[in-house]
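These notes are about the structure you will find just below.
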Amino acid sequence: MKKAIKLVLIILPMLAVVFTLAAGVLVFSLAVISCNKDDYFEGEIIKKEFLEEHYEQRPVITLIYNGTVAVPVTTIWTYHYPKRWRLTVQRTKDEGNHEKQIYVTEECYDAVNVGDWFIYDKSFCSFTEPCEKSKEGEKQ
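Position 113 of the sequence shown, counting from 1, maps to 293 under my numbering, and the rest follow consecutively.
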């Protein structure tokens, strides 16, 4: 009887660790999949915008902790936004308007007009604004 209790006391914590790790892997996998997914979207173009190329510099503060003291270190990041062509597309669904801003190629931008029906295609569209990021002092 004592051997069975010892066996249960050894197996239960091991099972808890295995299930915890499995749940963590599942949650991480779902998060990665949902973050990288370009969703399908279609609707009427309600706005066209051309955005000029520009640079932005943003300070990023990192805390370095040595066990007793936290020291803030500031790093300057440069964000380069190339020329961008953006469409605002609206669709009506479930008695509500849903809008998305979609970054497209210059050719696509020139081919469409406000009021046209637009269907998202990831070969020439993206929901993510094009941007390159670099640290101060890095060579580009």
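Glycine included, every Cβ here is placed at the ideal spot set by N, Cα and C.
Residues that residue i bridges to, as DSSP identifies them
i	result
ASN277	THR272
GLU229	ARG266
Cβ pair residue i, residue j closer than 7 Å
i	j	result
LYS280	VAL292	no
GLU222	ILE299	yes
ILE241	THR258	no
Three-state class that DSSP yields for residue i in the structure shown
i	result
GLU309	coil
TYR220	coil
GLU236	strand
GLU316	coil
TYR300	coil
Given residue i as reference, the closest of the options once Cα atoms are compared
i	options	result
ILE225	GLN237, PRO252, HIS278	HIS278
LEU231	TRP257, ARG264, VAL240, PRO252	ARG264
Cβ-based neighbour list, residue i, same chain, cut-off 7 Å, excluding 5 preceding and 5 following
i	result
PRO262	GLU233, PRO310
Residue i at chain B interface by Cβ criterion, 7 Å
i	result
GLN281	You won't find chain B in this structure, because it holds only one protein chain.
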